[in-house]
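**Q** According to the numbering used here, the sequence shown holds residues 49 to 318 in order. Every residue, glycine too, gets a C-beta built ideally from N, C-alpha and C. Below: one structure in structure tokens.
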Amino acid sequence: MASHARVLQEASERRPSLGFSLGAYLRSVDWILLGATIGLVTYGFFMLYSATHDDPTVSTPFYYVRSQAIGLGLGLVFLFALSAFDYRHFAKWQMYIYGGGIVLLILTLIIGTGDGTVGANRWLEFSFFRLQTAELVKFMLIVALGAVLAEGVELRHRFRFVVLVILYVLVPGILIFLQPDLGTSLVFVAILLVMLVVWGIRLSHLGILAGVGLFGVVMVLRILPSVFGVHVLKSWQLDRLEVFLDPQKDPLDTGYQLIQSKIAIGSGMF
49 MASHARVLQE
59 ASERRPSLGF
69 SLGAYLRSVD
79 WILLGATIGL
89 VTYGFFMLYS
99 ATHDDPTVST
109 PFYYVRSQAI
119 GLGLGLVFLF
129 ALSAFDYRHF
139 AKWQMYIYGG
149 GIVLLILTLI
159 IGTGDGTVGA
169 NRWLEFSFFR
179 LQTAELVKFM
189 LIVALGAVLA
199 EGVELRHRFR
209 FVVLVILYVL
219 VPGILIFLQP
229 DLGTSLVFVA
239 ILLVMLVVWG
249 IRLSHLGILA
259 GVGLFGVVMV
269 LRILPSVFGV
279 HVLKSWQLDR
289 LEVFLDPQKD
299 PLDTGYQLIQ
309 SKIAIGSGMF
């Protein structure tokens with residue numbers, strides 16, 4: 049544990065701050081990672097144009113590409129701004145970051161807007177844009193949870209602390225599930241598991257969590273609906289899960305994209 053803490057300390061000391069020169073900052077950037085990311089996004093632009101350039105409902109073939117390019121530009125601005133910011137300040141502000149995320153999700157449930165076809169409230173409407181709060185809270189949760197795990201690195205072998213960490217993530221996860229947004233709430237589960245593994249959770253504790261999770265899935269999908277008549281998931285959410293496991297169940301509608309993706313990859317045309 050001492051060596052782990054020393055590595056973290058050395059990494060933080062090497063981190064450039066705003067007081068460093070521009071040259072020092074530029075030398076600290078992982079240009080390979082940045083270039084690979086931009087390359088993937090550029091490839092996505094070509095795919096997006098290929099899929100949407102003949103859409104008759106928009107005014108220009110580049111409508112969606114232009115929208116994504118604006119998003120890329122804003123993302124790069126925030127990327128460089130945050131990378132120049134001393135990330136250790138986030139640890140001091142983790143309760144405010146976490147609390148702000150919870151407030152956003154509660155506001156979304158109360159005054160949010162969304163797709164009336166499934167009764168989902170996922171966006172907060174502002175005068176010039178819509179904010180999908182769950183996407184912002186993803187980032188906020190990673191920052192806040194990272195601070196909690198860093199502070200509790202000496203407690204990673206105590207199952208009680210692991211349970212507290214799970215409850216920490218469970219609160220925003222439930223609020224997102226109530227929107228309802230099953231997909232994003234499952235992403236929160238994935239974020240939690242990855243961060244726990246990187247943190248160094250015991251394999252025995254991970255096994256316990258896997259067992260509890262499997263039992264929960266069986267309860268939600270089988271026992272509660274058939275025995276108690278309680279349906280935690282909406283019918284369309286169940287359809288998505290079933291089609292994911294067996295896309296041939298609905299090959300012309302909900303399973304169409306998955307089937308075509310497998311065909312494209314299998315034929316080398318992706």
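Counting Cβ pairs closer than 8 Å, one from the region 210-220 and one from the region 263-277, do we hit at least three?
**A** no
**Q** Using the rule of at least 16 other Cβ atoms within 10 Å of the residue's Cβ for burial, across every protein chain shown, is residue 56 buried or exposed?
**A** Because the pLDDT of residue 56 is 48, which lies under 50, any placement of that residue in the model is unreliable, and the number read from its coordinates should be weighed accordingly. Exposed: under 16 other Cβ atoms inside 10 Å.
**Q** Straight-line CA distance for residue 157 to residue 225?
**A** 10 Å
**Q** Could you give the distance in angstroms between the alpha-carbon of residue 142 and the alpha-carbon of residue 187?
**A** 12 Å
**Q** Comparing C-alpha positions only, which one of 108, 86, 92 sits nearest to residue 127?
**A** 86
**Q** For the beta strand (DSSP E) holding residue 193, just list the boundary residues, first then last.
**A** Unbroken run through residue 193 is the alpha helix (DSSP H), 181-199; no beta strand (DSSP E).
**Q** Please report how far the alpha carbon of residue 90 lies from the alpha carbon of residue 313, in whole angstroms.
**A** 20 Å
**Q** Going by CA-CA distance only, name the one from 262, 120, 195 that's closest to residue 247.
**A** 195
**Q** How would you call residue 159, buried or exposed, if buried means at least 16 neighbouring beta carbons within 10 angstroms?
**A** exposed
**Q** Return helix, strand or coil for residue 105, following the three-state DSSP convention.
**A** coil
**Q** Could you check where the alpha helix (DSSP H) with residue 290 kicks off and where it finishes?
**A** 283-293
**Q** Looking at residue 244: is its Cβ nearer than 9 Å to the Cβ of residue 197?
**A** Contact: yes.
**Q** On a Cα-Cα basis, can you pick out the residue from 289, 181, 251, 117 that is closest to residue 148?
**A** 181
**Q** Helix, strand or coil for residue 178, going by three-state DSSP, please let me know.
**A** The three-state reading of DSSP puts residue 178 in strand, counting E and B together.
**Q** Roughly how many angstroms separate the alpha carbons of residue 77 and residue 283, rounded to a whole number?
**A** 47 Å
**Q** Quick one: what's residue 173 bridged to in DSSP?
**A** 178, per the DSSP bridge assignment.
**Q** How many angstroms separate the CA atom of residue 223 from the CA atom of residue 154?
**A** 7 Å
**Q** Cα separation between residue 303 and residue 286?
**A** 13 Å
**Q** Using C-beta distances below 8 Å, list every residue in its chain close to residue 171, excluding the 5 sequence neighbours before and after it, in chain order.
**A** 156, 160, 161, 162, 178, 179, 180, 181
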